[in-house]
Every structure is written in C-alpha cells, then in structure tokens.
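In the numbering used here, the protein residues as written are 196 to 363.
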C-alpha cells in the first residue's frame, strides 16, 4: 500500500458500462491514511450501485478502512442560456445550473461529508460523486482530518483534469 504520492486510474466494468475512477495520492498523518476517488454522476439514483461497485472492486482496501466511503455529490443540468463557452474566473466555472441536487454521507466520520459538500459547492463542482476512504491510525487528528479529506478529493479531481488535458 505504499502508493503515497502516486496516482492511479482504474476502470470498473459492471452491467455493460465502464466507469473511470481517478484516485488521489494517499495522504498519511499520524498513521491515519486518506485517499479519494471520484466518478461522473448524472443522477443521484446511481449512487447505490456506484457504491456497491466501489465496495466490490476495492474489497481489500475497504475491509481494513475505518471509514470506507465518506461521500459528497452534486448533480444538475446546464441552463440553456449557459451553454456557450464557460467564463472562468479564478479557476471557478461561472456556468449556471438548474435542477441541482446534492448530498453527503459521513460514513461515521462526523462532519466530514458536509465539509466535503461545502467545498464542492464553493468550487461549483457538479455531476460528480466523490468518495474518500479513511484508515484510522490510532491518534485523533482533530480538524486536520477535514483538510486531508478535502485535499485528497481535489487531488482526485485535478488528476482527471490532467488526464483530459493530456489526451488533447
């Protein structure tokens, strides 16, 4: 499990579909480990099957994790008047969405899901499901655990952007 500082991209094939996961590096703090993954999400109804696929595909990792799937998600439809090329201001997409739905699940890590969702909203990240896995190392981390959770999730999102830019 010495994957610190490395990125991985794996594909899941279930029910005839391919879902790309972008894995962040593993962050270690006082023996606790954090790693994030994300997947495109078009509707909240997909979440249970995505989580089931995640838990099946990463069985060894999630079995040893204290919090196998802290999640946050947002979905929405681009407004018709916003379909022109996006204006980007300080890295934040100014496009407007309608029918936005969002949610989170702490998976036992109190406050983690809501903090993760808050960052997705602030950065206007939409149509994504973020899954963060935590392996508790025996020492309470206090508020720094939230920083690790959000940093690994954005690390995962950056990896996807790099792959997209690299393929163009």
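Ideal Cβ positions, reconstructed from N, Cα and C, are used throughout, including at glycine.
Residue 219 (DSSP reduced to helix, strand or coil) = The answer is coil: DSSP assigns residue 219 none of H, G, I, E or B.
query = Where do the ends of the beta strand (DSSP E) carrying residue 227 lie?
reply = Looking at the DSSP string, the run of the beta strand (DSSP E) that includes residue 227 is 227 to 235.
query = First and last residue of the beta strand (DSSP E) that includes residue 335?
reply = For residue 335, no beta strand (DSSP E) run applies, since DSSP gives it neither H nor E.
message = Can you look up residue 291 in the DSSP assignment and give me helix, strand or coil?
response = If DSSP states are grouped into helix, strand and coil, residue 291 belongs with coil.
task = Please classify residue 240: is it buried, with 16 or more other beta-carbons within 10 angstroms of its beta-carbon, or exposed?
result = Exposure of residue 240 is indicated by the presence of fewer than 16 other C-beta atoms within 10 angstroms of its C-beta.
ask   = Taking just the CA atoms, how far does residue 291 sit from residue 346?
value = Each residue's alpha carbon lies about 25 Å from the other.
key: residue 301 in three-state terms, based on DSSP   = For residue 301, the three-state secondary structure derived from DSSP is coil.
request  = Identify, in the order they occur along the chain, each residue of the same chain with its Cβ nearer than 6 Å to the Cβ of residue 328, setting aside the five sequence neighbours on each side.
outcome  = Answer for residue 328: 230, 260 and 263, listed in chain order.
task = Give the range of the beta strand (DSSP E) segment to which residue 245 is assigned.
result = Going by DSSP, residue 245 is part of no beta strand (DSSP E) but of the alpha helix (DSSP H) stretching over 242 to 252.
request  = Thinking residue 314 and residue 224 are a contact (beta carbons under 8 Å), I'd like their distance in whole angstroms, please.
outcome  = The C-beta distance from residue 314 to residue 224 rounds to 18 Å, too long to meet the 8 Å contact threshold.
task = Within its chain, find whatever has a CB closer than 6 Å to the CB of residue 307; leave out the 5 residues flanking it on each side and keep chain order.
result = Answer for residue 307: 265, 301 and 344, listed in chain order.
key: Residue of 311, 303, 309 and 269 minimising C-alpha distance to residue 294   = Measuring from the Cα of residue 294, the nearest candidate turns out to be 269.
query = What residues are listed by DSSP as bridge partners for residue 354?
reply = Paired residues: none, contrary to the question.
Cβ-based burial, residue 226 [other Cβ within 10 Å; buried from 16] = So residue 226 counts as exposed.
ask   = Taking the DSSP output, what are the residues bridged to residue 296?
value = Answer is 270, bridged to residue 296.
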